[in-house]
DNA sequence: CTGAAAGCGCTTACAG
DNA sequence: CTGAAAGCGCTTACAG
């Protein structure tokens, strides 16, 4: 009994099936070079014994790796959990397994996580967090990934990064333009901005879109009060408070993601400021609950789950000479949090 | 150049440091039996070379495994993404990496995922989804995990399962009682229930709590109209519609999780039914956005992130003879979605 | 404290 | 199509 306590190994399966390890291996890994009947027989024996290959051994021996790494800023954020959900669904369909890690929006910890993923010899790495504007911020990550790719690892990113890898590019710029045009079209002139760190390409690009819309009206981004805070609900609260304190005459606030918008809305609610009667608020992403907020949030819809699916599919597809880039499109979703400015 | 293209191996580090592989290994894995100076020297050389141990080789050779598996029903659900966030945070602190997979609330696919995790030789498995009432539904999962544990694997679960493993037990029963008492205390008599699948222990336990509260008033759970649907926002919508159609006189709806409550609220909003003026609604879990909904949701708070942290800590702690069980406590959070029934 | 050697469980050239 | 053998990159008894 003591012996059979250990997990059955390939030798045992081979012996019981009356074949060599080589044949057993080929039959089980579904590779070519075995007769159909032999393969079938071996698989039956293996199933009977409850054999499951040791993936460490398989991978060490040069077999295919079946795990992919996913780096997110924070899995608790709906933006990232929806992306993760998309990644997990195609992974399951492909028989792959995914290792998720937090970067915490910090290049240093992102580097640590990516090194670990590489040490784990994952077959592909998906970086889902926004890149940083300053290439130096992620220089080490970039070079680690470059080496990883040179050794055959596959990389894809969601968002704009300083990396010649396949990329899913959220429609940040165009979305920023749409949301600003919406507000401008409603007649708003005193608009405040609740931004995440400007070091993030995502924030930069969304702002750029807003800037374009303003320019088209002969105005400039520099005129708008902008507060930079964490790219989270709490950051939105902080930014909202500062904005309202320093610019009580604002009639609209553009939050650069839904999380921040939720924070802004909560500040407004606490202060008894009517939305959209007194102040309009917009978000960005269209996370699942955006439509259920009080008031429901006008925002830019990005197909997060689909972005996750595409990122993994790209990483799995054969490499191309030039990296692929796939735009996401976006949609302006007008709900109850925006309206014309007070007369 | 061609040669150094490959990842540096332990031999290279050892050679360059002028020591044997054994010494290099001991120095790098932080194990005992090396002089401090020697260890320091080896580590410096390794860092210089950008050496990162191959975890497959390490694990195959009998070294400690550094990955843990986490099984959730669906990572896109805030309940699970908050749990995952807790798990990831202690994992990062411990230098561990986590593999996440979806069970999709389906015992068969849960089994597949768990087998994969075991094949990956993860050191611990955390099952975060609710268990099933019928032991047979998960008999194979249970036995796979039993074997896994016998071989030294660590297991912990969040929720009630038919498994003698360490468990974090959400306060489902007491929470159900609290929420029902709250509604009863407000004077509601015609209460409907929007439930997830009764096959889930979570649903069963929450209902049981509701039942206890009713009994204390001389009433019975059987009197209340109950609709079973998916344990999601869409399920909540479906249940809400059925409930309202068949029992237009209800003054309150108890949804068995926040996701379902959000669905119920959206139905009520679409139909122009005032909340809580005409109908009160309650949820369960207190996901991050519960307070930002329209109206903000009265619910039972469960410390999801903390539950994730505890589950991993238990799995990491030395095993005990009897499995540990840790209650979570709960808090009734009264917000704007509940009030007295209409006069 | 340090080293030589065996072995972890697989896969893949290399022969037949 | 099938098999014997080498090797993937580590760690851990076993000696010294």
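Residue numbers (the numbering used here), protein chains in the order written: chain A, 1 to 343; chain B, 344 to 686.
All C-beta atoms in this analysis are idealised placements derived from N, C-alpha and C, irrespective of residue type, glycine included.
Would you give the residue range spanned by the beta strand (DSSP E) that residue 228(A) belongs to?
Position 228 of the first chain holds residue 228(A). Residue 228(A): member of the beta strand (DSSP E) spanning 226-228, first to last residue.
Beta strand (DSSP E) runs contained entirely in the segment 280-334 of chain A, provided each spans 3 or more residues:
280-282, 299-301, 325-327 and 331-333, all fully within the segment 280-334 of chain A.
In the DSSP assignment, find the unbroken alpha helix (DSSP H) run with residue 452(B) in it and report its ends.
Position 109 of the second chain, counting from 1, holds the residue named residue 452(B). Counting along the chain, residue 452(B) sits inside the alpha helix (DSSP H) bounded by residues 450-462.
Pick from 268(A), 262(A), 136(A) and 314(A): whose alpha carbon is nearest that of residue 286(A)?
Taking the first chain and counting its residues from 1, one reaches residue 286(A) at position 286. Taking residue 286(A) as reference, the option from 268(A), 262(A), 136(A) and 314(A) with the minimal CA-CA separation is 262(A).
Can you give the beta carbon distance from residue 82(A) to residue 304(A), rounded, assuming they're within the 8 Å contact cut?
By one-based count along the first chain, residue 82(A) stands at place 82. By one-based count along the first chain, residue 304(A) stands at place 304. About 4 Å separates the two Cβ atoms, so the contact holds.
Through-space distance from residue 683(B) to residue 350(A), alpha-carbon basis:
Chain A is shown from 1 up to 343; residue 350(A) falls before or after that span and cannot be answered.
Does DSSP put residue 97(A) in a helix, in a strand, or in coil?
Reading the first chain from its first residue, position 97 is the one you call residue 97(A). Residue state, collapsed to three classes: strand.
I'd like to know whether the C-beta atoms of residue 496(B) and residue 467(B) end up nearer to each other than 8 Å.
Position 153 of the second chain, counted from the first residue, corresponds to residue 496(B). Position 124 of the second chain, counted from the first residue, corresponds to residue 467(B). The answer is yes: Cβ separation under 8 Å.
Taking the Cβ atom as the reference point for each residue, do residue 520(B) and residue 556(B) lie within a distance shorter than 8 Å?
Here residue 520(B) refers to the residue found at position 177 of the second chain. Here residue 556(B) refers to the residue found at position 213 of the second chain. Closer than 8 Å, so yes.
Please confirm whether residue 356(B) and residue 394(B) have their CB atoms less than 8 Å apart.
Here residue 356(B) is taken as the residue at index 13 of the second chain, counted from 1. Here residue 394(B) is taken as the residue at index 51 of the second chain, counted from 1. Yes; because the gap between Cβ atoms is below 8 Å, this pair is in contact.
Secondary structure of residue 509(B), DSSP reduced to three states
Along the second chain, one-based indexing puts residue 509(B) at 166. Here residue 509(B) sits in strand by DSSP.
What's the call for residue 383(B), buried or exposed, on a 16-neighbour Cβ count within 10 Å?
Taking the second chain and counting its residues from 1, one reaches residue 383(B) at position 40. Exposed.
Go to residue 595(B), then tell me how far its alpha helix (DSSP H) extends in each direction, as first and last residue.
Walking along the second chain from the start, residue 595(B) turns up at place 252. Taken as a continuous stretch (DSSP letters only), residue 595(B) belongs to no alpha helix (DSSP H), being part of the beta strand (DSSP E) at 595-598.
Nearest-angstrom Cβ-Cβ length linking residue 457(B) and residue 654(B), presumed shorter than 8 Å
Taking the second chain and counting its residues from 1, one reaches residue 457(B) at position 114. Taking the second chain and counting its residues from 1, one reaches residue 654(B) at position 311. Not quite, the Cβ-Cβ distance comes to about 15 Å (not below 8 Å), so this is no contact.
Would you be able to state if there are at least three C-beta pairs under 8 Å between the segment 235-252 of chain A and the segment 191-210 of chain A?
Taking 8 Å as the limit for Cβ pairs, the verdict is that the segment 235-252 of chain A does touch the segment 191-210 of chain A.
Report the three-state DSSP secondary structure of residue 195(A) (helix, strand or coil).
As a working mapping, residue 195(A) is identified with position 195 in the first chain. DSSP places residue 195(A) in the strand class (E or B) of the three-state scheme.
With a threshold of 7 Å on Cβ separation, who are the neighbours of residue 65(A) within its own chain once the five nearest residues in sequence on each side are excluded?
Translated into positions along the first chain, residue 65(A) becomes position 65. Within the same chain, Cβ atoms closer than 7 Å to the Cβ of residue 65(A) are found at 59, 121, 122 and 123, the five residues on either side in sequence being excluded.
Please confirm if residue 581(B) has its CB atom under 8 Å from at least one CB of chain A.
The residue given as residue 581(B) occupies position 238 in the second chain. The Cβ of residue 581(B) sits no closer than 8 Å to any Cβ of chain A.
Let's test the definition: count the other Cβ atoms within 10 Å of the Cβ of residue 217(A) and tell me whether it reaches 16, buried, or not, exposed.
As a first step, residue 217(A) is located in the first chain; it is residue number 217 there, counting from the start. The residue is exposed, with fewer than 16 neighbouring Cβ atoms inside 10 Å.
So residue 78(A) contacts chain B; which residues on that side make the cut at Cβ distance below 9 Å?
On the first chain, position 78 is the one that residue 78(A) refers to. Residues of chain B whose Cβ lies closer than 9 Å to the Cβ of residue 78(A) are, in chain order, 419, 421, 424, 631 and 632.
Closer than 8 Å to chain A by CB, residue 445(B):
Indexing the second chain from 1 puts residue 445(B) at position 102. Judged by the 8 Å Cβ criterion, residue 445(B) is in contact with chain A.
In whole angstroms, give me the CA-to-CA distance for residue 103(A) and residue 195(A).
The residue given as residue 103(A) occupies position 103 in the first chain. The residue given as residue 195(A) occupies position 195 in the first chain. Straight-line Cα distance between these residues: approximately 20 Å.
Using the Cβ count rule (16 or more neighbours within 10 Å means buried), how would you classify residue 362(A)?
Given a span of 1 to 343 for chain A in the structure shown, any question on residue 362(A) remains unanswerable.
Assuming contact is defined by CB atoms lying nearer than 8 Å, are residue 498(B) and residue 482(B) in contact in what I supplied?
As a working mapping, residue 498(B) is identified with position 155 in the second chain. As a working mapping, residue 482(B) is identified with position 139 in the second chain. Using a Cβ distance threshold of 8 Å, residue 498(B) and residue 482(B) do not count as a contacting pair.
Measuring alpha carbon to alpha carbon, tell me which residue in 68(A), 236(A) and 171(A) is nearest residue 205(A).
To locate residue 205(A), count along the first chain from 1; it is residue 205. Comparing Cα-Cα distances from residue 205(A) to each of 68(A), 236(A) and 171(A), the minimum goes to 171(A).
Using a C-beta to C-beta distance shorter than 7 Å, which residues of chain A count as neighbours of residue 459(B)?
Taking the second chain and counting its residues from 1, the one referred to as residue 459(B) is at position 116. Correct list: 97.
Locate the alpha helix (DSSP H) running through residue 149(A), then write down its first and last residues.
Against the first chain, residue 149(A) aligns to sequence position 149. Looking at the DSSP string, the run of the alpha helix (DSSP H) that includes residue 149(A) is 139-150.
So which residues on chain A does residue 402(B) lean against when the C-beta distance must stay under 7 Å?
Numbered from its first residue, the second chain carries residue 402(B) at position 59. Near residue 402(B) (Cβ distances below 7 Å), the residues of chain A are 56.
Cβ shell of residue 187(A) (< 6 Å), same chain only, five flanking positions each side left out
Against the first chain, residue 187(A) aligns to sequence position 187. If we look at residue 187(A) and ignore the five residues flanking it on each side, its Cβ neighbours are 340 and 341.
Residue 225(A) to residue 208(A), Cα distance in whole Å?
Looking up residue 225(A) in the first chain gives position 225. Looking up residue 208(A) in the first chain gives position 208. For the pair residue 225(A) and residue 208(A), the Cα-to-Cα distance works out to about 15 Å.
For residue 369(B), report the span of its beta strand (DSSP E) as first-last.
In the second chain, residue 369(B) corresponds to position 26, counting from 1. That residue, residue 369(B), is in no beta strand (DSSP E); its alpha helix (DSSP H) goes 364-371.
Can you name the residues of chain A whose CB is closer than 8 Å to the CB of residue 501(B)?
Locating residue 501(B) in the second chain gives position 158, where the first residue counts as 1. Within chain A, no residue comes near residue 501(B); the closest Cβ sits about 16 Å away, beyond 8 Å.
By a C-beta neighbour count over all protein chains shown, 10 Å radius and 16 as the cutoff for buried, is residue 364(B) buried or exposed?
For the purposes of this step, residue 364(B) is taken as residue 21 along the second chain, with counting starting at 1. With fewer than 16 Cβ atoms within 10 Å of its Cβ, residue 364(B) is classed as exposed.
Would you kindly work out how many angstroms separate the C-alpha atoms of residue 516(B) and residue 525(B), rounded to a whole number?
As a working mapping, residue 516(B) is identified with position 173 in the second chain. As a working mapping, residue 525(B) is identified with position 182 in the second chain. Distance between the alpha carbons of residue 516(B) and residue 525(B) is about 14 Å.
Could you name the residues of chain A that residue 396(B) contacts, counting a contact when the two beta carbons are closer than 8 Å?
As a first step, residue 396(B) must be located in the second chain, where it is residue number 53. In chain order: 119.
Excluding sequence positions up to five away, which residues of its chain have a Cβ less than 7 Å from the Cβ of residue 398(B)?
Taking the second chain and counting its residues from 1, one reaches residue 398(B) at position 55. 409.
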